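Going letter by letter, the sequence shown gives residues 0 to 332 in numbering that gives the first Met the number 0. Glycine included, each C-beta is placed from N, C-alpha and C at the ideal position. Nothing here was measured: the structure is a model prediction, and the numbers come from that model. In what follows, a single structure is set out as structure tokens and then discussed.
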Amino acid sequence: MPALEVLEPPVNPSSGSGSHQPVMVSRITQLLAVTSGPAIIVDTTVGAAGHAAALLAASSQDVHLLGFDRDPDALVLARRRLTPYGDRVHLVHAGYDELAHYAEPVIADVGPVASVLYDLGVSSLQLDRGERGFSFRADAPLDMRMDPTTGQTAAELVATADVADLTRILRLYGEERFAGRIAAAMVRSRPQTTVELAAVVAGAVPARTRHAATHPATRTFQALRIAVNAELDRFGASLPQALELVEHPVPARAARIAVLSYHSLEDRITKRTFAAAATGCVCPPDLPMCLCGREPRVRLLTRGAERPAAAETAANPRARSAKLRAVETLGER
Ligand SMILES: C[S@@+](CC[C@H](N)C(=O)[O-])C[C@H]1O[C@@H](n2cnc3c(N)ncnc32)[C@H](O)[C@@H]1O
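What follows is the structure, encoded as structure tokens:
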């Protein structure tokens, strides 16, 4: 069964920072907290700052946090939650594909990057805000932009794409087995709201699949969101920048990168990028000496991908599809 982001977040509006529960937060803290600085922890997807707050709480006073988010609403929450950490917190309204550009001045000011976190995908807060159009649980225009100030909305994509394009998007990003039927139905009626789209999908899939545990439109929503936000392209452009950042300037000790992904294509990018960075000499084994000169840049900290414990996935549906991979540079930690 391909990985699928769960679209039913725990709804708990009374919890202080909103209802987003950070995934695998103890393991992330164990991997990425830094107890002697000066150094920077980069949270490339700061969101409601659940991970960021835990990391700052577990790190020493001379450790700063550089947080990115494309969503201005998320940054408002993050700023509020991280107020106790004062000027140790630097928040940027930018995508993680611009990591190197925004990290440079903070590195010059504070010191080297010791940890980088990616917690990919959509947050429960975004799903809960009906008007953002990420979820079919509230009727709203199909927007789905992580950054609502720029770019094409899902409604615009659905209004203009042809059957071939939509089929490709649904198959690739949603791993949707009924992609062709759903795409044809979408082009026939060009739905413009979340509820209209959910109804079009439900009407397009075979009747026997309509009563499965997850709504038949879940994969379609995931696929459109990934396409609208160019999520895989941006992530693919960002991770190599993170590898560069942790090497430059070379910290005296090992620096770490951890990625929490929720989709098999995100996990594939992570796995391949980390494996390539962890590979040393690639000369044929019968050569008497290395001619390629290639050195490993990192070592893998996770054997395969780590998954959340059963208790966490029971308490937090969003954790169900989570996969964690981490690497560290080759100094001492
Ligand atoms: C799963 S949430 C992160 C939650 C966070 N770890 C927490 O503890 O609250 C993912 C966040 O990444 C943001 N995001 C999505 N694409 C992004 C990108 N290309 N660059 C930066 N942030 C992005 C989303 O707006 C969302 O707030």
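Q) Applying the criterion that 16 or more other CB atoms from any shown protein chain within 10 Å of the CB defines a buried residue, is MET145 buried or exposed? A) Position 146 of the sequence shown holds residue 145. MET145 comes out buried.
Q) Which value, in whole angstroms, describes the spacing of the CA atoms of THR272 and VAL204? A) Counting from one through the sequence shown, the residue named residue 272 turns up at place 273. Counting from one through the sequence shown, the residue named residue 204 turns up at place 205. The straight-line gap from Cα to Cα measures roughly 36 Å.
Q: Report the residue from ARG187, ALA158, GLY36 whose alpha carbon sits nearest the alpha carbon of PRO111.
A: Along the sequence shown, one-based indexing puts residue 111 at 112. The candidate whose alpha carbon is nearest that of PRO111 is GLY36.
Q: Note down the Cα distance separating LYS322 from GLU265, rounded to an integer number of angstroms.
A: Counted from its first residue, the sequence shown places residue 322 at position 323. Counted from its first residue, the sequence shown places residue 265 at position 266. Approximately 10 Å between the Cα atoms of the pair.
Q: Note down the Cα distance separating ASN11 from ALA274, rounded to an integer number of angstroms.
A: As a position in the sequence shown, residue 11 is number 12, starting the count at 1. As a position in the sequence shown, residue 274 is number 275, starting the count at 1. Because the pLDDT at ASN11 is just 34, under 50, the model does not fix this residue reliably, and the value given afterwards should be weighed accordingly. Rounded to whole angstroms, ASN11 to ALA274 spans 39 Å at the Cα level.
Q. Is there contact between the stretch 129–139 and the stretch 180–196, where contact requires at least three CB pairs shorter than 8 Å?
A. yes
Q. Which of helix, strand or coil does DSSP assign to HIS262?
A. Translated into positions along the sequence shown, residue 262 becomes position 263. Three-state DSSP puts HIS262 in coil, outside helix and strand.
Q: Assign PRO140 to one of three DSSP states: helix, strand, or coil.
A: Numbered from 1 along the sequence shown, position 141 holds the residue referred to as residue 140. Correct three-state label for PRO140: strand.
(Q) Could you check whether TYR84 and LEU64 sit closer than 8 Å to each other, using their CB atoms as the reference points? (A) Position 65 of the sequence shown, counted from the start, is the residue given in the question as residue 64. Position 85 of the sequence shown, counted from the start, is the residue given in the question as residue 84. Their beta carbons are under 8 Å apart, which means LEU64 touches TYR84 by this criterion.
Q: Identify whether ARG187 lies in helix, strand or coil by the three-state DSSP scheme.
A: Translated into positions along the sequence shown, residue 187 becomes position 188. Helix, per DSSP.
Q) Which of the three DSSP states, helix, strand or coil, is assigned to ASP108? A) Here residue 108 corresponds to residue number 109 of the sequence shown, with the count starting at 1. Helix, per DSSP.
Q) Which residues does DSSP pair with ARG298 in a beta bridge? A) As a working note, residue 298 is residue 299 in the sequence shown. In DSSP, ARG298 forms a bridge with GLU327.
Q: Would you tell me roughly how many angstroms separate the C-alpha atoms of VAL5 and TYR95, rounded to the nearest one?
A: Taking the sequence shown and counting its residues from 1, the one referred to as residue 5 is at position 6. Taking the sequence shown and counting its residues from 1, the one referred to as residue 95 is at position 96. The predicted position of VAL5 is uncertain, since its pLDDT is 40 and thus under 50; no value can be drawn from it.
Q: Specify, as a first and last residue, the run of the beta strand (DSSP E) that PRO235 falls within.
A: Numbered from 1 along the sequence shown, position 236 holds the residue referred to as residue 235. It should be noted that the sequence gives Gly, not Pro, for residue 235. No beta strand (DSSP E) holds GLY235; the alpha helix (DSSP H) holding it covers 230–246.
Q. Which word fits MET23, buried or exposed, when buried means at least 16 other C-beta atoms lie within 10 angstroms of its C-beta?
A. Within the sequence shown, residue 23 is the residue found at index 24, counting from 1. So MET23 counts as buried.
Q: Count the other CB atoms, across all protein chains shown, that sit within 10 Å of the CB of ALA183; report buried if there are 16 or more and exposed otherwise.
A: Sequence index remark: in the sequence shown, residue 183 carries index 184 (1-based). When all chains shown are included, ALA183 counts as exposed.
Q. Which residue or residues does DSSP assign as beta-bridge partners of TYR172?
A. Position 173 of the sequence shown, counted from the start, is the residue given in the question as residue 172. BP columns for TYR172 are empty, so no partner.
Q | Candidates GLY120, VAL45, LEU30, ALA139, of which the one nearest PHE234 by Cα | A | Within the sequence shown, numbered from 1, the residue matching residue 234 stands at position 235. The shortest Cα separation from PHE234 among GLY120, VAL45, LEU30, ALA139 belongs to GLY120.
Q: From the DSSP output, in three-state form, read off THR213 for me.
A: As a working note, residue 213 is residue 214 in the sequence shown. Coil.
Q.
Ignoring anything shorter than 3 residues, give me the beta strand (DSSP E) runs that lie fully in the stretch 89–135, in order along the chain.
A. 112–118
Q: For my contact list, THR269 and SER260 are in at a C-beta cut-off of 8 Å; report their separation, rounded to the angstrom.
A: Locating residue 269 in the sequence shown gives position 270, where the first residue counts as 1. Locating residue 260 in the sequence shown gives position 261, where the first residue counts as 1. About 6 Å separates the two Cβ atoms, so the contact holds.
**Q.** heavy atom of ligand 1 below 7 Å from ASN315 C-beta
**A.** The residue labelled residue 315 in the question sits at position 316 within the sequence shown. No.
(Q) Below 7 Å, is the gap between the Cβ of ASP96 and the nearest heavy atom of ligand 2? (A) Absence of ligand 2 from the depicted structure is noted, with ligand 1 being the only ligands included.
Q) Do ALA163 and LEU223 have their CB atoms nearer than 8 Å? A) Numbered from its first residue, the sequence shown carries residue 163 at position 164. Numbered from its first residue, the sequence shown carries residue 223 at position 224. In this structure, LEU223 does not lie closer than 8 Å to ALA163 by Cβ.
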